[in-house]
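A short write-up of the structure that comes next.
Chains as they are written, first to last, in my numbering: chain A, 1 to 222; chain B, 1001 to 1167.
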């Protein structure tokens, strides 16, 4: 499987938590719930579980999405990096020696496509998702949506994608991307806020506003 | 767009891994890292004016060797290499981005430069501070930061070369 397909699969991970459609009814309910959402703020803890290593590889960060096409995926620990994307461009920054450095990205079109898909799917563009995945729903204490790639090559990269939500579908609790060999990536979300007004500069690809300032604005919003 | 050009530039870079040092201010400090432990790194690989951010996860064992896994932004493994204490290199996993040759000639060589026993004569490494290494070779550079060091014994299975890709 080529890397481009990998990224397309990966884009589905981020999308599925928020935007799904088609039968069963839960998916329709979730799609309806997300259709009117103008922006989303999420903090995440990510665990990359590789059978190879005894401990998971952990990271933390924030994901911000704003209609129509803006997205910011920022890792805040153990290192700091910001990915910014919109319909036209993408940018990445690394924080070193007390300052942010904008990278001259190799193959920015690829990253842009990934970011664009993450953004679009979070806003209700579900066609590609249901075209590419078989969906099922299990309800217990959580609602667990499971997506299995229809494409055999895609399944070679990711055997299934699970999205965990509370029964009222009010927030995305966890996304798990399972790989055929037993490795997985688990992204646990918290402090989700919908329809927040992000301050100017949040998605600026030349000089993004510091995440501390974004958080302050989001947390003090009425 | 496919990443088909990336292997080319990496091959180009790796092919130069044994080139003479461009510049070196690096005095290898054998005790900089624990003999047994786990070291998390963040790096930016630069070649032909383009930059690629990478993560590195290195398990080291005095008796077992060094096992380095390199991933991209989203955690996908791009390279996995084992270097035994005697210096023998085993490619455990390659990718479209890093071919076995890239890993053997480029990744393993740089690994040995920073974390191994290689002398600075073969290693064009600058060390601006204790957690920061810059490797400059003909065709590419690697700006490497040590993010976290966890001392402690690592599982012996990490250093088992029997599961390497066919050499």
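For glycine and all other residues, C-beta sits at the position ideal for the given N, C-alpha and C.
| query | With 8 Å set as the bound, which would you pick, yes or no: does the beta-carbon of residue 104 of chain A sit closer than that to a beta-carbon of chain B? | reply | Here residue 104 of chain A refers to the residue found at position 104 when the first chain is read from its first residue. Yes, residue 104 of chain A counts as interfacial toward chain B.
| message | Quick check: residue 1102 of chain B and residue 1093 of chain B, are their CB atoms within less than 8 Å of each other? | response | Translated into positions along the second chain, residue 1102 of chain B becomes position 102. Translated into positions along the second chain, residue 1093 of chain B becomes position 93. No; because the gap between Cβ atoms is not below 8 Å, this pair is not in contact.
| Shorter than 8 Å from the beta carbon of residue 1051 of chain B to some beta carbon of chain A? | Numbered from 1 along the second chain, position 51 holds the residue referred to as residue 1051 of chain B. So, interface residue.
| message | Suppose you measure from the CA of residue 73 of chain A to the CA of residue 1145 of chain B; what does that come to, to the nearest Å? | response | Looking up residue 73 of chain A in the first chain gives position 73. Looking up residue 1145 of chain B in the second chain gives position 145. Looking at the two C-alpha atoms, the distance is approximately 21 Å.
| request: Assign residue 1154 of chain B to buried or exposed, taking buried as 16 or more other Cβ atoms, counted over all protein chains shown, within 10 Å of its Cβ. | output: Here residue 1154 of chain B is taken as the residue at index 154 of the second chain, counted from 1. Residue 1154 of chain B should be labelled buried.
| message | Less than 8 Å between the beta carbons of residue 205 of chain A and residue 30 of chain A, yes or no? | response | Residue 205 of chain A sits at position 205 when you count from the first residue of the first chain. Residue 30 of chain A sits at position 30 when you count from the first residue of the first chain. No, Cβ-Cβ distance for residue 205 of chain A and residue 30 of chain A is not below 8 Å.
| task | Compare the C-alpha of residue 1162 of chain B against each of B:1088, B:1057 and B:1036 and name the closest. | result | Along the second chain, read from residue 1 onward, the residue named residue 1162 of chain B stands at position 162. With distances taken between Cα atoms, residue 1162 of chain B lies closest to B:1088.
| task | Report buried or exposed for residue 28 of chain A, applying the criterion of at least 16 other Cβ atoms within 10 angstroms of its Cβ. | result | The residue you call residue 28 of chain A lines up with position 28 of the first chain. Exposed, since its Cβ has fewer than 16 Cβ neighbours within 10 Å.
| query | So which residues on chain A does residue 1148 of chain B lean against when the C-beta distance must stay under 8 Å? | reply | Within the second chain, residue 1148 of chain B is the residue found at index 148, counting from 1. Here the neighbours are 78.
| query | Taking Cβ positions only, does residue 1145 of chain B come closer than 8 Å to chain A? | reply | The sequence position of residue 1145 of chain B within the second chain is 145, counting from 1. Yes, residue 1145 of chain B counts as interfacial toward chain A.
| said: With distance defined between alpha-carbon atoms, name the residue in A:211, A:153 and A:144 nearest to residue 26 of chain A. | reply: For this step, residue 26 of chain A is matched to residue 26 along the first chain. Looking at the Cα atoms, A:144 is the closest of the given residues.
| task | Can you say whether residue 212 of chain A is buried or exposed, counting buried as having 16 or more other CB atoms within 10 angstroms of its CB? | result | Here residue 212 of chain A corresponds to residue number 212 of the first chain, with the count starting at 1. By the 10 Å Cβ count, residue 212 of chain A comes out exposed.
| Within chain B, the residues that residue 96 of chain A reaches when beta carbons sit closer than 7 Å | In the first chain, counting from the first residue as 1, residue 96 of chain A sits at position 96. Ordered by position in chain B, the residues that pass the 7 Å Cβ test against residue 96 of chain A are 1145.
| said: Closest to residue 1032 of chain B by C-alpha separation, out of B:1106, B:1127 and B:1143, would be which residue? | reply: As a first step, residue 1032 of chain B is located in the second chain; it is residue number 32 there, counting from the start. Comparing Cα positions, the closest option is B:1127.
| request: Can you grab the Cα-Cα spacing for the pair residue 1023 of chain B / residue 1047 of chain B, in whole Å? | output: Translated into positions along the second chain, residue 1023 of chain B becomes position 23. Translated into positions along the second chain, residue 1047 of chain B becomes position 47. Any reading at residue 1023 of chain B must be qualified, since the residue scores a pLDDT of 44, below 50, and its modelled position is unreliable; the value itself is stated next. Their Cα atoms are separated by approximately 17 Å.
| task | Please list, in chain order, all residues of the same chain as residue 1134 of chain B whose beta carbon is under 6 Å from its beta carbon, the five residues on each side excluded. | result | Start at 1 with the first residue of the second chain, and residue 1134 of chain B comes out as number 134. Hits under 6 Å: 1126 and 1143.
| Alpha carbon of residue 90 of chain A to alpha carbon of residue 1117 of chain B, nearest angstrom | In the first chain, counting from the first residue as 1, residue 90 of chain A sits at position 90. In the second chain, counting from the first residue as 1, residue 1117 of chain B sits at position 117. Residue 90 of chain A and residue 1117 of chain B: Cα-Cα distance of roughly 40 Å.
| Run through DSSP, which three-state label would residue 1165 of chain B get? | Taking the second chain and counting its residues from 1, one reaches residue 1165 of chain B at position 165. Correct three-state label for residue 1165 of chain B: coil.
| query | Measuring CA to CA, which of B:1067, B:1063, B:1049 and B:1052 is closest to residue 1038 of chain B? | reply | Within the second chain, the letter at position 38 stands for residue 1038 of chain B. With distances taken between Cα atoms, residue 1038 of chain B lies closest to B:1067.
| message | Using a Cβ-Cβ distance cut-off of 8 Å, determine whether residue 1158 of chain B contacts chain A. | response | Sequence index remark: in the second chain, residue 1158 of chain B carries index 158 (1-based). Closer than 8 Å to some Cβ of chain A, the Cβ of residue 1158 of chain B qualifies, so yes.
| query | Is there at least one Cβ from chain B nearer than 8 Å to residue 57 of chain A's Cβ? | reply | Taking the first chain and counting its residues from 1, one reaches residue 57 of chain A at position 57. Taking Cβ atoms only, chain B reaches closer than 8 Å to residue 57 of chain A, which makes this a yes.
| task | Anything in the stretch 68 to 92 of chain A with a Cβ closer than 8 Å to a Cβ of chain B? List those residues in chain order, please. | result | 78, 79, 81, 83 and 92
| message | For residue 100 of chain A and residue 140 of chain A, I'd like the C-alpha separation in whole angstroms. | response | Sequence index remark: in the first chain, residue 100 of chain A carries index 100 (1-based). Sequence index remark: in the first chain, residue 140 of chain A carries index 140 (1-based). C-alpha separation (whole angstroms): 44 Å.
| message | Give me, in chain order, the residues of the same chain whose beta-carbon lies closer than 6 Å to that of residue 38 of chain A; leave out the 5 immediate sequence neighbours on both sides. | response | As a working mapping, residue 38 of chain A is identified with position 38 in the first chain. Excluding sequence neighbours, residue 38 of chain A sits near 67 and 195.
| said: Between the stretch 48 to 59 of chain A and the stretch 175 to 189 of chain A, can you find at least three pairs of beta-carbon atoms closer than 8 Å? | reply: yes
| From B:1036, B:1041, B:1042 and B:1049, residue whose alpha carbon lies closest to that of residue 1140 of chain B | As a first step, residue 1140 of chain B is located in the second chain; it is residue number 140 there, counting from the start. If we check each option's Cα against that of residue 1140 of chain B, B:1049 comes out closest.
| Does residue 185 of chain A come within less than 8 Å of chain B when only Cβ atoms are used? | Here residue 185 of chain A refers to the residue found at position 185 when the first chain is read from its first residue. Yes, because at least one Cβ of chain B sits closer than 8 Å to the Cβ of residue 185 of chain A.
| query | the stretch 34 to 62 of chain A: which residues have C-beta closer than 9 Å to a C-beta of chain B, in chain order? | reply | 46, 48, 50, 52, 53, 54, 55, 57 and 59
| residue 1173 of chain B versus residue 1060 of chain B - alpha carbon distance | Nothing can be reported for residue 1173 of chain B, as the shown portion of chain B is limited to 1001 through 1167.
| message | I'd like the span of the beta strand (DSSP E) that includes residue 189 of chain A, first residue to last. | response | Looking up residue 189 of chain A in the first chain gives position 189. Element bounds for residue 189 of chain A: 184 to 194.
| query | What distance in whole Å lies between the Cβ atoms of residue 1070 of chain B and residue 1056 of chain B, which are believed to be in contact at a cut-off of 8 Å? | reply | Walking along the second chain from the start, residue 1056 of chain B turns up at place 56. Walking along the second chain from the start, residue 1070 of chain B turns up at place 70. Indeed they touch by this definition, with Cβ atoms about 5 Å apart.
| said: Using a 10 Å radius around the Cβ and a threshold of 16 neighbouring Cβ atoms, would you call residue 200 of chain A buried or exposed? | reply: Locating residue 200 of chain A in the first chain gives position 200, where the first residue counts as 1. It counts as exposed.
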